[in-house]
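S.K.: Protein chains in written order, with this note's numbering: chain A, 13 to 372; chain B, 13 to 372; chain C, 13 to 372; chain D, 13 to 372.
Following this message is one structure expressed as structure tokens.
Protein chains: 4
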Amino acid sequence: MTINISSAHTVEVGYDEFCGALAARDLQPLWKIAKQLMPEVPLPTTQPWIWKWDDILPLAKRAGEIVTLERGGDRRVLAFANPGLRGLPFTSTTLWGAVQYLGPRESAPAHRHSPSAIRFVMTGSGVYTTVDGDAVHMEPGDLILTPLWNWHDHNNSGDEPMVWFDGLDLPLVTTLESIFFENHPGMLQPVEGHDLSERTFTGVGLRELGAVPPAVHSPLLRYRWGETDRALQALRQARGGPHVSLEYTNPVTGGPVVATFACEMHRIYPGQRTATRRKTGSSIYVVFRGTGRTVISGQLFEWAPGDVFVTPSWAAVDHAAGETADLFAISDRPVLQALNLYRHETSSAPQEVVGRFSPS
Amino acid sequence: MTINISSAHTVEVGYDEFCGALAARDLQPLWKIAKQLMPEVPLPTTQPWIWKWDDILPLAKRAGEIVTLERGGDRRVLAFANPGLRGLPFTSTTLWGAVQYLGPRESAPAHRHSPSAIRFVMTGSGVYTTVDGDAVHMEPGDLILTPLWNWHDHNNSGDEPMVWFDGLDLPLVTTLESIFFENHPGMLQPVEGHDLSERTFTGVGLRELGAVPPAVHSPLLRYRWGETDRALQALRQARGGPHVSLEYTNPVTGGPVVATFACEMHRIYPGQRTATRRKTGSSIYVVFRGTGRTVISGQLFEWAPGDVFVTPSWAAVDHAAGETADLFAISDRPVLQALNLYRHETSSAPQEVVGRFSPS
Amino acid sequence: MTINISSAHTVEVGYDEFCGALAARDLQPLWKIAKQLMPEVPLPTTQPWIWKWDDILPLAKRAGEIVTLERGGDRRVLAFANPGLRGLPFTSTTLWGAVQYLGPRESAPAHRHSPSAIRFVMTGSGVYTTVDGDAVHMEPGDLILTPLWNWHDHNNSGDEPMVWFDGLDLPLVTTLESIFFENHPGMLQPVEGHDLSERTFTGVGLRELGAVPPAVHSPLLRYRWGETDRALQALRQARGGPHVSLEYTNPVTGGPVVATFACEMHRIYPGQRTATRRKTGSSIYVVFRGTGRTVISGQLFEWAPGDVFVTPSWAAVDHAAGETADLFAISDRPVLQALNLYRHETSSAPQEVVGRFSPS
Amino acid sequence: MTINISSAHTVEVGYDEFCGALAARDLQPLWKIAKQLMPEVPLPTTQPWIWKWDDILPLAKRAGEIVTLERGGDRRVLAFANPGLRGLPFTSTTLWGAVQYLGPRESAPAHRHSPSAIRFVMTGSGVYTTVDGDAVHMEPGDLILTPLWNWHDHNNSGDEPMVWFDGLDLPLVTTLESIFFENHPGMLQPVEGHDLSERTFTGVGLRELGAVPPAVHSPLLRYRWGETDRALQALRQARGGPHVSLEYTNPVTGGPVVATFACEMHRIYPGQRTATRRKTGSSIYVVFRGTGRTVISGQLFEWAPGDVFVTPSWAAVDHAAGETADLFAISDRPVLQALNLYRHETSSAPQEVVGRFSPS
């Protein structure tokens with residue numbers, strides 16, 4: 013039997029009735045929606061937005077008082093929910109940003125999941141995250157990886173709370189309908205050693221002879237702030253310019269730390285403004301140090317330490333610093349590059365500021 | 013200025029007031045939604061579904077009578093809209109399937125877009141699609157590529173209509189907020205030659221010395237049914253078994269025809285039933301030839317030539333043929349593999365059938 | 013203990029005595045040999061050379077009469093020994109070319125080795141080579157692979173002798189001091205099937221879904237002349253020009269058939285002359301069909317069917333055909349490309365002919 | 013015209029006459045040489061050998077007195093000539109090792125070549141090598157790259173001589189007949205900056221965002237001893253065992269520093285002996301620190317700081333340290349791996365020592 017076209021009849025209906033017949037059969041006519049489906053340039057539903065530390069911190073502290081960590085409520089996390097995304101707890105269509113608050117002497121139980129996560133420490137000390145047996149210590153400015161399907165639990169052995177930024181590919185993996193999750197049999201996993209991953213990657217361009225770590229994610233789990241700071245200074249010496257930007261990479265492949273997003277650090281010097289850039293894909297920025305402002309599609313966002321903001325796909329973006337500013341960022345660029353969808357352009361003229369952001 | 017934690021106050025509010033304060037600041041508490049966000053296995057919104065040729069064809073024919081092709085209404089396309097996707101015209105969260113109807117002596121104007129498309133010819137003849145100057149002829153069972161950002165227009169120079177299946181990565185590229193679209197300055201683009209891409213790829217494992225085609229997509233734009241049929245027969249001779257499955261590949265890299273989805277052909281022999289498989293990611297099947305039934309998560313779907321059905325992520329799926337069946341399919345597997353999210357498992361026991369699909 | 017420089021004395025000797033002292037300690041002074049070691053352009057020891065079918069065939073036939081195939085004398089092979097290579101049985105510093113003669117009802121015993129071999133059939137029929145259990149049939153113009161460490165034996169089941177060209181990477185693997193060799197426990201290996209490798213690669217850009225052949229070499233073991241001929245004709249239609257050139261590739265990766273050399277087919281049309289090219293690395297050509305002449309560094313080589321010639325690294329080379337000529341070639345280009353040492357240039361002006369080759 | 017077999021006559025000659033006829037036509041019969049050509053395991057011509065610092069240093073110093081650096085005699089280099097290689101100035105069939113001596117206030121003129129070189133500093137200070145404009149400073153234990161086709165000159169701005177080890181792929185590139193060499197128009201090239209390459213690679217897993225250095229070689233040109241030493245210590249802490257081994261890698265790709273050889277550092281702890289290993293391909297070792305002995309194919313080689321020794325392909329090799337020893341090494345492993353010819357095996361039993369090396 014092959015596909016038959018000749019015998020079929022035509023339904024003798026008018027246009028409205030025809031549209032109704034389509035809907036009844038779960039068919040949609042492209043010609044009515046082509047422009048929305050295929051716009052000339054991206055029309056993101058992700059909105060540019062900012063969350064202020066002054067709003068976040070009191071609520072995170074309060075959560076620390078009234079929410080208990082336990083199996084089934086594994087994490088004390090407040091997600092940055094983009095108002096453009098119909099109530100979903102996602103910061104963009106591909107990226108999830110959140111703050112996590114871990115009080116003194118608290119532990120968050122061990123589990124693993126197919127989405128990958130990074131932690132960027134905002135404030136606090138005395139915490140370690142165990143990642144597949146490696147107790148990875150966390151200090152402000154450190155980037156910690158808990159990549160896909162690695163067991164991880166968080167432990168605060170100190171007397172002060174820690175607040176960190178959580179970055180995940182959760183929205184993307186949700187769209188890809190590929191989320192797996194598993195609780196560890198114990199509340200916490202056994203610790204095999206401390207900062208083990210760093211010991212095999214202590215020197216630039218040096219690695220254990222014959223070691224073949226899986227290429228799925230970076231085998232280095234902690235990128236210390238001291239190293240990052242030194243690298244930024246060295247790069248500035250070599251390059252000059254209004255800002256320097258680093259990417260955190262997998263030391264074994266040179267690729268991104270995980271396949272689904274990139275981690276970056278941007279240092280902008282006082283009084284400097286970056287060129288205006290557009291790129292496909294979204295980014296979430298965490299202000300680690302300094303003050304300044306970012307213009308996104310003509311709208312001005314002012315920021316200070318602890319603030320978090322998101323830039324949508326193809327939005328014109330530039331940053332300017334009041335005092336020296338360090339912006340940590342995650343970006344879905346690796347996904348777009350892998351799928352040949354990455355585009356970017358830089359314009360020499362600064363973009364005009366047409367408004368100032370204020371949440372309605 | 014660095015992030016300050018000590019000075020901040022706590023908001024002395026009760027739990028309900030606290031939740032309200034979060035919502036007012038576009039923050040969402042993870043602990044309330046963790047189970048939905050991170051299920052143990054994928055809980056797809058994509059539903060298993062089937063569209064019957066007997067429903068599709070009369071409506072496509074009627075569309076041929078009452079919808080005119082013109083700039084701005086470039087294509088006469090009926091999209092398979094999955095009922096699980098909140099009214100979106102998408103077949104799964106990553107894949108778009110549709111039928112396109114092109115009447116005798118009609119042309120669909122030239123444009124290009126960042127989503128990639130394939131065309132699988134269901135019925136008709138006398139049509140060619142010009143792809144960046146190469147007039148690619150289309151016959152039933154042929155697979156035709158119009159990859160990302162290639163100019164393409166469709167032209168029916170014959171006396172009968174053609175109906176083909178359109179497969180696109182449109183839902184994924186929509187989520188990635190990376191759609192670009194451009195109309196060609198002319199209604200149609202100039203033709204530089206006919207079936208040019210096939211001439212450089214006539215023999216298996218043979219290619220022009222020194223040619224370096226872009227690795228972004230397959231440089232071969234037409235995969236003829238005759239070749240596919242021969243390859244299926246040869247593979248069957250070599251392998252035996254209840255079915256044989258081919259992937260259409262980029263002859264230069266061995267990879268998928270485009271980065272965002274794979275194209276496959278499955279031949280199932282009469283009275284045979286395939287093993288039950290789960291995989292992450294969705295597939296859309298087009299019944300090109302034969303009859304049979306597919307069980308998806310225990311639900312039975314019967315199919316005949318021209319029918320189109322979709323399998324969601326991680327659903328248990330097996331196929332059985334009444335008469336020899338050829339199922340063309342597209343799958344988002346290359347995306348999941350690129351992002352290290354591909355999982356699959358095969359079970360030896362046939363799955364139990366618990367119901368039969370009937371659209372409500 | 014670290015390296016000590018201060019305590020050491022200087023040897024108070026004159027220059028000649030000094031040179032003698034160096035030699036006695038297996039040291040050589042660079043400044044005396046720098047120009048020979050590091051010439052401005054390659055100064056190959058490989059000489060351009062030709063071996064004539066009229067010389068080869070009678071000797072091959074005679075070998076068929078007086079040399080018996082048996083374990084320990086597994087193959088009846090005459091190697092093309094380049095006069096520039098100090099008596100070594102190598103055609104260039106990287107490539108080995110030879111003719112192999114297999115008489116009616118003869119078999120050459122099964123063995124395997126780390127060098128890779130190809131067979132290009134010059135004349136005869138009724139022969140198959142078993143490669144890891146796959147009985148691969150051989151007809152004139154076919155390219156047959158017996159890649160590294162695959163068991164292989166040759167069997168003539170017919171009544172006429174077969175003569176084929178053997179191409180190996182033996183000189184390179186000798187330099188890399190990495191030759192391994194093993195006799196099969198039996199004289200011949202068991203046959204599992206006939207031309208099995210072709211059945212999984214029958215169509216261009218089509219392959220078994222989910223098959224993951226080792227990337228070490230092409231899984232396709234036979235490239236039939238009919239396919240090659242068709243591909244040359246199609247390419248000519250698409251391109252025009254004085255000649256068309258194909259590379260035989262691994263259909264799974266698009267790379268060369270083995271990592272150590274490439275296989276090519278060049279068709280030159282009557283009365284046409286190709287542009288003059290230089291490239292790093294050597295090539296061995298086998299004249300399969302037609303007559304013509306090749307100019308190598310100003311020296312003219314005339315050729316007819318069955319002749320074999322070699323072009324050294326960085327020599328200026330152009331070919332011209334009297335009647336339509338098909339030149340099969342192997343080249344070490346993949347090695348040079350993998351090591352970033354491949355260079356080539358094409359000159360628009362034809363090179364001047366300053367002499368005609370005649371072996372002294 | 014196609015290849016003709018029927019018409020040819022056989023030469024009616026006896027076996028000896030037949031062999032003479034072959035030789036006269038530059039043909040060689042495989043059956044006479046098959047065992048030498050294709051041994052069961054590698055039979056390297058490279059011999060295990062050692063050059064003693066006590067021999068090298070006085071001769072290098074004397075060369076400093078009687079050999080002047082000038083254009084055409086660009087370098088004061090003493091090559092380690094393996095006695096097995098027929099008088100060639102090569103240390104193995106693929107690798108060149110040498111010492112270079114640069115006196116106070118001397119410069120070695122700028123040139124470039126297609127072979128790649130590394131410099132491992134044995135003793136001295138105050139020297140920099142300019143590599144494509146980047147003045148790279150050299151201290152004992154530093155590894156400096158001057159990769160293929162990079163302009164480089166060496167400059168001693170201090171008051172003491174420097175001696176370093178030169179490692180090159182010269183023998184391999186000679187066999188590949190692909191050597192190009194060019195003098196710089198000036199004696200020295202202009203300096204654009206100092207240790208520039210290090211500034212973009214200061215932190216492990218950190219690199220300039222968006223920088224796309226060529227993948228042909230490592231963009232990092234200096235690997236400081238301090239970093240290497242720290243990495244060895246950290247690895248020891250993580251691993252324990254009788255020795256630790258590092259590979260110097262391209263920080264952008266994770267691959268070897270150049271495509272043609274690898275650079276390694278081995279630290280062996282006092283009283284420890286490594287397992288016995290065989291591998292295809294050769295290595296040259298430079299004793300940077302400590303004393304010990306190496307057994308190569310049963311022969312014992314004792315070494316002290318400054319000594320250089322070579323291990324041939326497939327030789328059984330183990331090392332033992334008297335006091336903590338640091339062995340720098342180069343190896344052709346990347347070439348063998350790229351060509352699928354790399355094999356290695358480790359034996360648990362220590363090899364028997366059957367003799368002690370003494371140069372005849």
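Glycine included, every Cβ here is placed at the ideal spot set by N, Cα and C.
Everything numeric in this text was worked out from a predicted model, so none of it was measured.
Would you check if the distance between the CB atom of residue 326/C and the CB atom of residue 51/C is smaller than 7 Å?
M.R.: At the C-beta level, residue 326/C and residue 51/C stay beyond 7 Å of one another.
S.K.: Identify the residues that DSSP records as bridge partners of residue 135/A: which are they?
M.R.: 175/A
S.K.: Measure from the alpha carbon of residue 335/C to the alpha carbon of each residue in 302/C, 311/C, 238/C, then state which is nearest.
M.R.: Of the listed residues, the one whose Cα sits closest to residue 335/C is 302/C.
S.K.: From the beta carbon of residue 163/B, is the nearest beta carbon of chain A less than 7 Å away?
M.R.: no
S.K.: Determine, for residue 59/C, whether the minimum Cβ-Cβ distance to residues of chain D falls below 7 Å.
M.R.: no
S.K.: Is residue 346/A helix, strand or coil by DSSP?
M.R.: helix
S.K.: Nearest by alpha-carbon distance to residue 332/C: which of 147/C, 287/C, 319/C, 63/C is it?
M.R.: The shortest C-alpha separation from residue 332/C is found at 287/C.
S.K.: Could you give the distance in angstroms between the alpha-carbon of residue 106/C and the alpha-carbon of residue 318/B?
M.R.: 57 Å
S.K.: If you draw a straight line from the C-alpha of residue 330/A to the C-alpha of residue 242/A, how long is it?
M.R.: 24 Å
S.K.: Evaluate contact between the stretch 80-89 of chain D and the stretch 272-284 of chain D, counting only Cβ atoms and requiring at least three cross-stretch pairs below 8 Å.
M.R.: In short, these stretches do not touch, since the Cβ pair count stays below three.
S.K.: So, does the CB of residue 343/A fall closer than 7 Å to a CB anywhere in chain B?
M.R.: no
S.K.: Where does residue 45/D land, buried or exposed, given buried means 16+ other C-beta within 10 angstroms?
M.R.: exposed
S.K.: Can you pull the chain C residues whose beta carbon is under 9 Å from the beta carbon of residue 92/D, in chain order?
M.R.: 38, 39, 40
S.K.: Just list the beta strand (DSSP E) runs in the stretch 71-147 of chain D, keeping only unbroken ones of 3 residues or longer that don't cross its boundaries, in chain order.
M.R.: 89-92, 108-114, 119-125, 129-135, 139-143
S.K.: Could you give the first and the last residue of the continuous beta strand (DSSP E) run that contains residue 185/D?
M.R.: Per DSSP, residue 185/D belongs to no beta strand (DSSP E); it is in the alpha helix (DSSP H), 182-187.
S.K.: Count the other C-beta atoms from every protein chain shown that fall within 10 angstroms of the C-beta of residue 56/A, then say buried if there are 16 or more, exposed otherwise.
M.R.: With 16 or more Cβ atoms within 10 Å of its Cβ, residue 56/A is classed as buried.
S.K.: Tell me where the beta strand (DSSP E) around residue 297/A begins and ends.
M.R.: 295-301
S.K.: Please classify residue 154/B as buried or exposed, where buried requires at least 16 other C-beta atoms within 10 Å of its C-beta.
M.R.: The residue is buried, with at least 16 neighbouring Cβ atoms inside 10 Å.
S.K.: On a Cα-Cα basis, can you pick out the residue from 362/D, 157/D, 48/D, 170/D that is closest to residue 231/D?
M.R.: Out of 362/D, 157/D, 48/D, 170/D, the CA that lies nearest to the CA of residue 231/D is found in 157/D.
S.K.: What residues from chain D crowd round residue 262/A, counting only those whose CB sits closer than 9 Å?
M.R.: In chain order: 217, 266.
S.K.: Please confirm if residue 48/B has its CB atom under 7 Å from at least one CB of chain C.
M.R.: no
S.K.: Can you find the residues in the same chain that come closer than 7 Å, C-beta to C-beta, to residue 192/C, ignoring five residues on each side of it along the sequence?
M.R.: 125, 126
S.K.: Using a C-beta to C-beta distance shorter than 8 Å, which residues of chain B count as neighbours of residue 45/A?
M.R.: 101
S.K.: Should residue 363/B be counted as a contact of the ligand MG given a C-beta to heavy atom distance under 6 Å?
M.R.: What this structure holds is no ligand at all, so the ligand MG is not there to describe.
S.K.: Can you find a C-beta in chain A that's less than 7 Å from the C-beta of residue 107/B?
M.R.: no
S.K.: Taking residue 52/C as part of the beta strand (DSSP E), name the residues at either end of that continuous run.
M.R.: Residue 52/C -> no beta strand (DSSP E), and no H or E assigned at all.
S.K.: So residue 229/B packs on residue 128/B, CB below 8 Å; how close in whole Å?
M.R.: 7 Å
S.K.: Mapping the DSSP letters down to three states, classify residue 64/A as helix, strand or coil.
M.R.: coil
S.K.: So what does residue 165/B bridge to, in DSSP terms?
M.R.: 142/B
S.K.: Check whether the Cβ atoms of residue 132/C and residue 340/C sit closer than 7 Å, and answer yes or no.
M.R.: The answer is yes: Cβ separation under 7 Å.
S.K.: Of all the CB atoms in chain D, is at least one closer than 7 Å to the CB of residue 168/C?
M.R.: no
S.K.: So, with DSSP's three-state summary, where would you put residue 292/D?
M.R.: coil
S.K.: Say whether chain B places a C-beta atom closer than 7 Å to the C-beta of residue 131/C.
M.R.: no
S.K.: Along chain D, in chain order, which residues have C-beta atoms closer than 8 Å to that of residue 13/C?
M.R.: 301, 302, 303, 316, 317, 335
S.K.: Does chain D have any CB closer than 7 Å to the CB of residue 62/C?
M.R.: no
S.K.: Residue 276/B touches chain G at which residues, Cβ-Cβ below 9 Å?
M.R.: Given the protein chain composition of this structure (A, B, C and D), no chain G is represented.
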